[in-house]
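Notes follow the structure.
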Amino acid sequence: MPSLRRGTAYRLSLVCVGRGSARLTVSPGRREETVPCDRSVVRQRITAEDEKIDVNGTAGASGMIAWQIDAI
Numbered sequence: 010m011p012s013l014r015r016g017t018a019y020r021l022s023l024v025c026v027g028r029g030s031a032r033l034t035v036s037p038g039r040r041e042e043t044v045p046c047d048r049s050v051v052r053q054r055i056t057a058e059d060e061k062i063d064v065n066g067t068a069g070a071s072g073m074i075a076w077q078i079d080a081i
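Structure below.
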């Protein structure tokens, strides 16, 4: 994960363009979220304490993932 300052809240924005969908997981302790590859933007609030951001395509998915992290 990029260098994030402890005590600061951030917004993770993720978009998938292509076919199928992807799965976004921010851990520990968060559930998986489906990201459709139809140019929809999915947003999650994160903190520096979140240890891992993971994105995986579902079976048969193809396309491109873009993400951005902003302080809020």
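In this note's numbering, the protein residues as written are 10 to 81. Using N, Cα and C, we set each Cβ at its ideal position, and we do this for glycine too. Note that this is a predicted model, so its numbers are computed, not measured.
Check                                                            : Outcome
Endpoints, the beta strand (DSSP E) within which E42 is located  : E42 to T56
Burial state of A31 (16 or more Cβ within 10 Å)                  : buried
C-alpha distance - R40 paired with G27, whole-angstrom precision : 24 Å
L13 - DSSP class collapsed to helix/strand/coil                  : coil
Check whether G29 and A57 have beta carbons under 8 Å apart      : no
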